[in-house]
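To start, the structure itself, in structure tokens.
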Amino acid sequence: MTLRVGVVGASYAVGTHLPVYAASDDVELVAVATAHEDTARAVAERFGARPHVGYEALCADPDVDLVDVATRPSRHREMVEAAFAAGKDVLCEAPLAPSVADGEAMATAAASAGRSGWVDMQSRFWPGLQELHRLVDDGYLGTVENVAATAFYPTFTRPEAVAGSGWCADGAYGASALRVHGLHTADLLRWLFGELTEVRGSAATRRSEWPGGVPATSADSAAYTARTPDGAVCSVHASWVARHGEGWRLAVHGSAGTLVATAAGHTGHFPVTLRGARADEPALLDLVAPGDEPATTPFAELVRRLAAGGAGVPTFADGIAALRVAESVEAAG
Ligand SMILES: NC(=O)c1ccc[n+]([C@@H]2O[C@H](COP(=O)([O-])OP(=O)(O)OC[C@H]3O[C@@H](n4cnc5c(N)ncnc54)[C@H](O)[C@@H]3O)[C@@H](O)[C@H]2O)c1
10 MTLRVGVVGA SYAVGTHLPV YAASDDVELV AVATAHEDTA RAVAERFGAR PHVGYEALCA
70 DPDVDLVDVA TRPSRHREMV EAAFAAGKDV LCEAPLAPSV ADGEAMATAA ASAGRSGWVD
130 MQSRFWPGLQ ELHRLVDDGY LGTVENVAAT AFYPTFTRPE AVAGSGWCAD GAYGASALRV
190 HGLHTADLLR WLFGELTEVR GSAATRRSEW PGGVPATSAD SAAYTARTPD GAVCSVHASW
250 VARHGEGWRL AVHGSAGTLV ATAAGHTGHF PVTLRGARAD EPALLDLVAP GDEPATTPFA
310 ELVRRLAAGG AGVPTFADGI AALRVAESVE AAG
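First residue of the sequence shown: 10, per the working numbering; consecutive thereafter.
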């Protein structure tokens, strides 16, 4: 049976979720809701869907099986809980919520309604990261000793990014460098190596004004250390106001090998390449090279898996665990 989807929010979703649904053979895009009639009509017409004004109307639509909540984090809980109360499954944008407590309440609402909740932490579906996961599981690295991730993005030094997602400057909406783009790194580390322990770090708002004079209160810069369940030593350093930031890099050093994954920007949108070498090889080799990336996107792969039942798609539990990392680092100041 085709999965019938309704999307709440048509800002980020316009360039990412809606084109994927509209082109998918696995799902049917049934409806789109925004806060205003004119935008709801225009977007619905563009993507061949039914318009609704307000998330309540979309949740009440009997033809929708799964509600995709693609609004800022501070709005997620009421929208997600309304969808579960209406008997729908949910795909929620990342971060799942502005706080772990809100995320846990949303997970409880899913359990009470007997419905499923997934989170759009799509980065793991790049072929380079699927291959990294497979190699880690196969023991390519031997004993994992050191894991180092850096995520330096120039995003909010650019006026066009601020114009589109200026709400990210305001911590009250549930945004920060670790909670939005940086959340994907926490998700990837947990997915690759298991739950992070001994998370200790520091986060700060170092840039108090974004282009266009937008005042900023969200933490734009953060660093933390952690241990994997096997005891490997892990570090993560992230910023989304790094003007000349080179993107994302994850280096994993083990007793039997080394793997290095890179992307030119936020892993949610920039293809990930993978290089590696076994201990007896002198230099890193291309394992998943730039030209190997598929015509499809990681979000399209996530949708394909959702339509097939959801195997491997990040759940609300994953969303809460990743958020817990960000929250504990930011709580430390
Ligand atoms: N997964 C990723 O890689 C990634 C990357 C960037 C952003 N995000 C996430 O995407 C999400 C959406 O970001 P955004 O910038 O589009 O957020 P936004 O808050 O700007 O969304 C605005 C949209 O929500 C609609 N809306 C507001 N109130 C509504 C209501 N009551 N009923 C129906 N619609 C309503 C508005 O009409 C508008 O279309 C965020 O959670 C963000 O963290 C994820």
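No residue lacks a Cβ here, since even glycine has one placed at the ideal position from N, Cα and C.
Three-way DSSP call (helix, strand, coil) for residue i in this model
i      : result
Asp327 : helix
Glu207 : strand
Val171 : helix
Gly15  : strand
Ala158 : strand
Ser125 : coil
Ser337 : helix
Rounded straight-line distance, which links the Cα of residue j to that of residue i
i      : j      : result
Val76  : His278 : 22 Å
Val156 : Ala51  : 46 Å
His246 : Gly191 : 9 Å
Thr206 : Ser337 : 11 Å
Val334 : Glu204 : 10 Å
Ala181 : His26  : 25 Å
Val8   : Gly210 : In the structure as shown, the chain starts at 10 and stops at 342, and residue 8 therefore has no counterpart that could be examined.
Pro82  : Asp289 : 47 Å
Asp35  : Arg133 : 20 Å
Tyr233 : Glu65  : 39 Å
Glu140 : Gly175 : 35 Å
Ser33  : Pro307 : 13 Å
Beta carbon proximity, residue i to chain B, threshold 8 Å
i      : result
Thr166 : The chain labelled as chain B is not found in the depicted structure, where only one protein chain is given.
Host beta strand (DSSP E) of residue i (start-end)
i      : result
His61  : 59-62
Glu46  : Taken as a continuous stretch (DSSP letters only), Glu46 belongs to no beta strand (DSSP E), being part of the alpha helix (DSSP H) at 46-56.
Ala286 : 282-287
Val89  : No beta strand (DSSP E) contains Val89, which is instead part of the alpha helix (DSSP H) from 85-94.
Ala42  : 36-43
Reference residue i, options the options, closest by Cα
i      : options                        : result
Leu5   : Trp176, Arg167, Ser125         : With the chain covering only 10 through 342, there is no way to say anything about residue 5.
Thr267 : Arg252, Pro104, Ala292, Gly274 : Ala292
Ala8   : Leu38, Asp74, Val242, Ser230   : The displayed coordinates of the chain run from 10 to 342. Any statement about residue 8 would go beyond what the structure contains.
Glu54  : Arg199, Val23, Thr194          : Val23
Leu197 : Val312, Ala317, Trp257, Asp147 : Trp257
Phe161 : Arg81, Gly274, Thr11           : Gly274
Gly137 : Ala331, His193, Asp295         : Asp295
Phe165 : Gly240, His253, Ala69, Arg84   : His253
His85  : Cys68, Pro71, Gly112           : Gly112
Tyr149 : Ala340, Val41, Ala286, Gly328  : Ala286
Gly18  : Ser244, Ser217, Thr43, Pro168  : Thr43
Short Cβ contact (8 Å threshold) for residue i with residue j
i      : j      : result
Val208 : Ala235 : yes
Gly151 : Gly263 : yes
Thr324 : Val128 : yes
Val89  : Met130 : no
Leu283 : Pro104 : no
N-terminal and C-terminal residue of the alpha helix (DSSP H) that residue i is part of
i      : result
Ala195 : 192-202
Gly24  : 21-24
Glu290 : Looking at the DSSP string, Glu290 is not in any alpha helix (DSSP H), and its letter there is neither H nor E.
Val145 : 136-147
Leu315 : 307-316
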